[in-house]
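> With the working numbering applied, the sequence shown corresponds to residues 427 to 620, in that order. Using N, Cα and C, we set each Cβ at its ideal position, and we do this for glycine too. Here the structure is a predicted model, which is why all the values come from computation and not from measurement.
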Amino acid sequence: MKKLMTLCLCVSAFSAIAQEFKPFKINGSIGLAAPVSEQQKAGFLFSVEPKYGITDHFDVGVHLEVAYLRRVLDEQTLGAESLDEGAATSYILTASYLFSKGHIRPYLRAGFGNYRVYATSFETPNPQSTYITTAPVSRPGGMLAVGVKVGHVHLSAEYNLIASSKTNTPTLKVNNHNSYLGFKAGIDLGGGER
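Following this line, the structure appears as structure tokens:
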């Protein structure tokens with residue numbers, strides 16, 4: 427009888443945990459893409475991240491993001507001004523650790539993957555107003571984020587470290603600084619009550 431009672435209590439406890447913790451969720455976020463160098467001006471970003479909870483404290487996921495930042499060239503020979511916003515897309519494998527079990531849950535997230543920085547057009551300040559388009563490049567990079575989850579709502583700040591790239595023409599040599607900061611608000615779909 428005692429064994430049966432113990433078994434029933436264990437099953438009840440696991441059932442309660444299973445109702446709260448569902449491993450699969452999708453996060454959608456929007457926010458501000460902020461510069462980390464004088465070569466960039468602020469823009470916006472949006473991201474989607476399917477995640478799987480290994481435990482109630484530890485998630486792994488695939489972070490997909492598009493960030494738009496306006497560029498001002500870091501010129502070495504001639505100056506130039508950006509004509510459009512350059513987009514950076516990223517595909518990153520992430521791991522997140524949530525520190526508490528309550529309604530308010532601070533977390534850390536880190537990831538590593540591939541960033542693709544798309545072409546940006548510039549106009550050089552010469553009488554001919556030459557237009558230059560940087561070549562799209564793929565670069566490895568990493569992301570580190572701190573945030574807080576309140577229920578299903580996330581607020582986070584993250585740093586995206588992306589290797590620099592170069593643009594060389596007969597009249598212009600440019601080091602393109604690709605790293606940026608992100609400040610985001612988002613929501614989880616799925617994942618149980620928290």
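For the beta strand (DSSP E) containing Y585, name the first residue and the last one.
In the sequence shown, the residue the question calls residue 585 occupies position 159. It spans 579 to 588 - the beta strand (DSSP E) in which Y585 sits, taken as one unbroken run.
> Buried or exposed: which applies to L534, given that a residue is buried once 16 or more other Cβ atoms fall within 10 Å of its Cβ?
Position 108 of the sequence shown holds residue 534. L534 comes out exposed.
> Distance, Cα to Cα, H603 vs Y544?
Counting from 1 along the sequence shown, the entry for residue 603 is found at position 177. Counting from 1 along the sequence shown, the entry for residue 544 is found at position 118. About 13 angstroms.
> What's the C-alpha gap between A513 and A460?
The residue labelled residue 513 in the question sits at position 87 within the sequence shown. The residue labelled residue 460 in the question sits at position 34 within the sequence shown. A513 and A460: Cα-Cα distance of roughly 13 angstroms.
> Restricting to Cα atoms, I'd like to know which of M569, H580, H489, Y494 is closest to P532.
What you label residue 532 is simply residue 106 of the sequence shown in a count that begins at 1. For P532, the nearest C-alpha among the options comes from H580.
> Does the distance from the CB of S516 to the CB of H489 come in under 8 angstroms?
Reading the sequence shown from its first residue, position 90 is the one you call residue 516. Reading the sequence shown from its first residue, position 63 is the one you call residue 489. Contact flag set, yes.
> Excluding sequence positions up to five away, which residues of its chain have a Cβ less than 6 angstroms from the Cβ of S582?
The count along the sequence shown starts at 1 and reaches residue 582 at position 156. Excluding residues within five positions, the ones whose Cβ falls inside 6 angstroms are A571, G573, K610.
> Kindly say whether L607, judged by its beta-carbon, lies nearer than 8 angstroms to any beta-carbon of chain B.
Absence of chain B from the displayed structure is noted, only one protein chain being present.
> Helix, strand or coil, according to DSSP, for K451 in the structure here?
Here residue 451 is taken as the residue at index 25 of the sequence shown, counted from 1. Reduced to three states, the DSSP call for K451 is strand.
> Got a sec? Which residues, its chain only, sit under 6 angstroms from S455 by beta carbon, not counting five neighbours each side?
If you number the sequence shown from 1, residue 455 lands on position 29. Excluding positions up to five away in sequence, the list reads S473, K610, G612.
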